[in-house]
Every structure is written in structure tokens, then in C-alpha cells.
Amino acid sequence: MLACSLIVSLAASAAVAAPTAEARALGDTVLAAIASPDADLRAIAIDRVRYGLKGDWFTRVVGERLPSLPPAVQAAVLSALGDRGDAAALPAAASLLDSSSDAGSRAAALLAIGKLGGAADVARIVKSLAANDPERAAARRALLVLGGSDSPAAIRAAAQAATGVTRAALIEVLASRRDRAALADMVAATSDADAGIRQAGVGGVAALGGPGEVEGLARGLLKAEPGGNRDEIEKAIVAICTVNTGREQATEKFLGVFKAAGEADRETLLPALGRIGGPAALGIVDGMINDPVSRKQGLAALTRWPDAAVKDRLLALLASSTDEGEKKLLLASLIRIAPLPNNKLNDGQKLELLKKTMDLCDRPEDKAKVLERANAIRTIETFRFVVPYLDDPALAEPACRSVVELAHHQKLRDAHKDEFVKALDKVLGTTKNEELVDRANRYKAGQTWDRNKKG
Numbered sequence: 036m037l038a039c040s041l042i043v044s045l046a047a048s049a050a051v052a053a054p055t056a057e058a059r060a061l062g063d064t065v066l067a068a069i070a071s072p073d074a075d076l077r078a079i080a081i082d083r084v085r086y087g088l089k090g091d092w093f094t095r096v097v098g099e100r101l102p103s104l105p106p107a108v109q110a111a112v113l114s115a116l117g118d119r120g121d122a123a124a125l126p127a128a129a130s131l132l133d134s135s136s137d138a139g140s141r142a143a144a145l146l147a148i149g150k151l152g153g154a155a156d157v158a159r160i161v162k163s164l165a166a167n168d169p170e171r172a173a174a175r176r177a178l179l180v181l182g183g184s185d186s187p188a189a190i191r192a193a194a195q196a197a198t199g200v201t202r203a204a205l206i207e208v209l210a211s212r213r214d215r216a217a218l219a220d221m222v223a224a225t226s227d228a229d230a231g232i233r234q235a236g237v238g239g240v241a242a243l244g245g246p247g248e249v250e251g252l253a254r255g256l257l258k259a260e261p262g263g264n265r266d267e268i269e270k271a272i273v274a275i276c277t278v279n280t281g282r283e284q285a286t287e288k289f290l291g292v293f294k295a296a297g298e299a300d301r302e303t304l305l306p307a308l309g310r311i312g313g314p315a316a317l318g319i320v321d322g323m324i325n326d327p328v329s330r331k332q333g334l335a336a337l338t339r340w341p342d343a344a345v346k347d348r349l350l351a352l353l354a355s356s357t358d359e360g361e362k363k364l365l366l367a368s369l370i371r372i373a374p375l376p377n378n379k380l381n382d383g384q385k386l387e388l389l390k391k392t393m394d395l396c397d398r399p400e401d402k403a404k405v406l407e408r409a410n411a412i413r414t415i416e417t418f419r420f421v422v423p424y425l426d427d428p429a430l431a432e433p434a435c436r437s438v439v440e441l442a443h444h445q446k447l448r449d450a451h452k453d454e455f456v457k458a459l460d461k462v463l464g465t466t467k468n469e470e471l472v473d474r475a476n477r478y479k480a481g482q483t484w485d486r487n488k489k490g
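Take any residue in the sequence shown, note its place counting from 1, add 35, and you have its number in our numbering.
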């Protein structure tokens, strides 16, 4: 305890510039305590590294001792040096990263370099992006926190020069750093031959893109082969036009591209148009539906709509259509959009639309889909709509799933306990699904159920 007291009491008076003899003596005491087998004493000493003794002389002395420490202690000291904020620790952290074979020590060294370093350290950190975790995760974190005005440009240059998983990781880092200067490279990445790079590019553009990226993405979409690459670029366009800042202007840009496109290109752009939605897009789609030549494409776009603004059109088309394929498509769209969050309807209106849709269903499989979608509307009225179907042999199983899913929400369940207990008893007497049985029993007993740790 005497050593502890000495460390704590003298640290505050240690020299900031050239160390006094007293400061050097205290430094030696702290260093000895860091190497101590006494965990409590060691923790106090490491805390003195973090917040106590000042001066880059002490930073360098601690760094020199790193190779002689056990890996777990190295990691703790490196964390303290990173928090200390003294760049004098950089050479020691870099040396340990180059020499150590311990994953924990290497990860700690990377994190310290990220906190203390700058553009000159990017290349060293990037090498670890190809390693396994925890080193890879630490390298990514180091690049995220790396300071210095030149660091963003250095990371962008590294991303341009990299390939494979390293390039994908660097694009993700740039996106997380909100580096809009990298957007052109991200747009180019959406058409890369490497799926991981494409995914990173799409994620970056979807997160940061605006009106300026729409035309480039649209060109990429038109060049892409059907399948994964085209779908990924489409997702980025939709995100820019529906979520990001400047989405109204982005939508105008996309509509301009669509109107100027030839017939074949319009067919490629049409799915994105439907998913973007909005009054202007609806005008285009309505015109296509009214034209026998383009009706099929127009209906396909309408059924991709992002909200329930088109519900009345879908209902009217469903009522008037004599084509079984069209009717199936329109019905599936109504089932999809009715319970969507943020779809311009309140919970009561969502349920009312779902009930109307159920009345239009003839096939048991469509009715089952309605019941399964119903649990997204978390109200007692929805529960009461679903419960009677527990008695229908053809629909009992999807009804069981929705009842149990609604019971998952404790506030709803507790507010109507008797009704839920009765329905859960019926579920237990109906379903053979072991997970549903387990959940129903738990909810009846007032317990919770973790989706991520089933059972």
C-alpha cells in the first residue's frame, strides 16, 4: 500500500518538461509496479501512465519497457499510452506491431497508433486489414479514429491502390468516416467485379450519396448484368432518393434520367422508379398501366411501391382485372404494403386495409400470408382479428405464429392478459412447432424470449 500511495501522491507533482530527479524516481517506481505480479498495484501504475506522470520522456521510457512485459500487460499499457495522447509513444507501438506475434498485443498496438498517429501510419495499419480478428477489427477502428488533416486523403489513396477484402474494408472505413470526397470511388466500386467491393461501394453510396451521384449510378445500373450487381446498384439509388439529404433533388435527377432513356433502358430503370415512389413517378407508372403495350411493366413498378399511397389504385385494379397473373401480383402487393412502417397509414388504417385484403383472398396460401403480416401491426385489435383463425384448420398455424409474435410484446400482452392467456392456451393445443410452444409457455408465465438466443 505504501508503494500505491507513493505512485498516487507524487504523480501530480511530476515534471512536465525535463524530469527532475524526483520525477525520474517516481517513473522508476511506476515502471516497477507495471511489472509487478500484484494486479491491483499494476492497475494503479497503468492508470498513472494514462493520467499521471507528464512529459514525453516518461512516454518513451514506458514504450521502451513494452517488449519485456507479458502480452496482456502490453495491451493494457498500450491502451493507456493511447489515452495519454502523446505521439512519443508511436515508435514503441509501431515496433511492437512489427515484432509481436500475439494477437491481443498487435490489436492494442494498432489502436494506439490510431489514436496517436496520422497519414504516415496509414500504410502500416492497412496491412492488418487482411489479418484475422481481433487484429483486423483493431485496424479498422484505428483508421476510423486516425487524426490529422492529411489522413483522409491517405486512406482514399490506399483504397484506390488496394484490392479484394482490403479495398472493401477501406471503402467501408471511408463511408464510416463520412468522407464525401471518396464518393466517386464508391460509385465506381458499385460496378466492381469483386462482390465484396461492390457491397462496400453500395453501402458507402447509400449512406453518403446525394443528387450528384444519381446519374453515375444510373449509368452503372444500365451497364450491369441482371442479378446481384444490378440489384445492389438499384438499392443505392433508392436509398439516395428516399432517405438521404437532398432526396427530393435526387429523385428529380433520376426522373430526368428515366424520361430521357430509351425503351429498353427504361425497362431496366423501372424497378428503381417503383421503389422510389412519389407523385411524379406515379404519374409515369399510371400512364404505362393505361397503355396495353407497357401495362405489364407499369404494374410491376406499382407493386414495388414503398408505401400505401397506391392502395386505392391497387384495390381498384384488383377489382377490375380479369387476368389471374395480374390479380395474384396485385394481391401480393397489398399484403406487403398494408402493415409497412411509415407507410402513410396509422395502425387502425393498416388493419382496415389488411382486412379488406383478406376479404379479397380466395386461396388459403394468400390468407396465410395476410395473417403472418398482421403481427407487424401491434395492437389489440390486430390480435382480435387473428385469434378466430386459430379455429380454422387450414389457417391455424399462421394464426398461431401471429398470436405468439404479438404476445412477444410485453406491454400489449400485460394490458390484455386474460385474452392472451386464453389464446396462448389454444396455440399450445394446436401447434406442433417446438419454438412456438416454448414461446407460448414463456409468455403465459410472464417471461421473456430472446430472438438471438432461441431456447
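Don't be surprised by glycine CBs; every beta carbon is placed ideally from N, CA and C.
None of these values were measured; they are calculated from a predicted model.
By the neighbour-count criterion, in which a residue is buried when 16 or more other Cβ atoms sit within 10 angstroms of its Cβ, Q195 is exposed.
Setting aside the 5 residues that flank it on each side, R215 is surrounded in the same chain by L243, each with a C-beta closer than 6 Å to its C-beta; the list follows chain order.
Annotation for C435: the continuous alpha helix (DSSP H) segment containing it runs 431–442.
Comparing alpha carbon positions, the residue from P261, G238, D91, V222 closest to G251 is V222. By the C-beta criterion, the region 363–374 is judged to be in contact with the region 385–398, since at least 3 inter-stretch pairs fall below 8 Å. Judged by DSSP secondary structure, N476 falls within the alpha helix (DSSP H) whose first and last residues are 469–479. Short of 8 Å from the beta carbon of H443, and not among the five residues preceding or following it, lie these beta carbons of its own chain, in chain order: R474, Y478, W484.
If you draw a straight line from the Cα of R213 to the Cα of D137, it comes to about 32 Å.
DSSP, read as helix, strand or coil, puts W484 in coil. In chain order, P306, G309, R310 place their CB closer than 7 Å to the CB of R339, counting only its own chain and leaving out the 5 sequence neighbours on each side.
With a 10 Å radius around the Cβ and a threshold of 16 neighbouring Cβ atoms, N410 comes out buried. Within its own chain, the residues whose Cβ lies closer than 8 Å to the Cβ of T465, once the five positions on either side in sequence are excluded, are L425, A431, E432, C435, listed in chain order. Sorting G182, D347, R282, L375 by C-alpha distance to the C-alpha of G120 places G182 at the top. For I79, the uninterrupted alpha helix (DSSP H) segment begins and ends at 74–86. Taking each of S71, E407, A177, R85 in turn and checking the Cα distance to S103, the smallest one comes out for S71.
Between R419 and L447, the gap from beta carbon to beta carbon reaches 8 Å or more. Residue D347 holds the alpha-carbon nearest to the alpha-carbon of E387 among A78, L364, D347. Looking only at L364, T201, P105, the smallest Cα-Cα distance to D401 is reached by L364. Setting aside the 5 residues that flank it on each side, V112 is surrounded in the same chain by I69, I81, V84, V97, L101, L104, each with a C-beta closer than 7 Å to its C-beta; the list follows chain order.
Taking the Cα positions, D326 is about 15 Å away from R301.
Separation of L66 and L88 (C-alpha to C-alpha, rounded to the nearest whole angstrom) is 11 Å. Runs of the alpha helix (DSSP H) lying entirely within the region 118–179 and spanning at least 4 residues, in chain order: 125–134, 138–151, 157–162. Excluding its 5 nearest sequence neighbours in each direction, V421 has C-beta neighbours in its own chain below 8 Å: L406, A409, N410, A434, S437, V438, L441, listed in chain order.
V328 is classed as exposed because its beta carbon has fewer than 16 other beta carbons within 10 Å across all chains shown.
Exposed is the label assigned to S355, since fewer than 16 other Cβ atoms lie within 10 Å of its Cβ. Judged by their CB atoms, S140 and A110 are nearer to each other than the 8 Å cut-off. The DSSP assignment places 199–211, 218–224 as complete runs of the alpha helix (DSSP H) inside the region 190–240, in order along the chain (cut-off: 4 residues). At a Cβ-Cβ threshold of 8 Å, A316 and L334 do not count as neighbours.
Counting C-beta atoms within 10 angstroms of its own C-beta, S186 has 16 or more neighbours from the protein chains shown and is therefore classed as buried.
DSSP, reduced to helix, strand and coil, places I412 outside both helices and strands of the structure shown, so it counts as coil.
Here R486 is exposed. Its C-beta has fewer than 16 other C-beta atoms within 10 Å. Remark: fewer than three beta-carbon pairs, one from each stretch, lie closer than 8 Å, so the region 275–285 and the region 254–263 are not flagged as touching. Excluding sequence positions up to five before and after G152, its CB lies within less than 7 Å of the CB of L125, L181, all in the same chain and listed in chain order.
Taking 8 Å as the cut-off, the beta carbon of A158 is found no closer than this to the beta carbon of A129. Taking the CA atoms as reference points, D227 sits about 16 Å from K270.
Between the C-alpha atoms of E248 and E359 there is a straight-line separation of about 40 Å.
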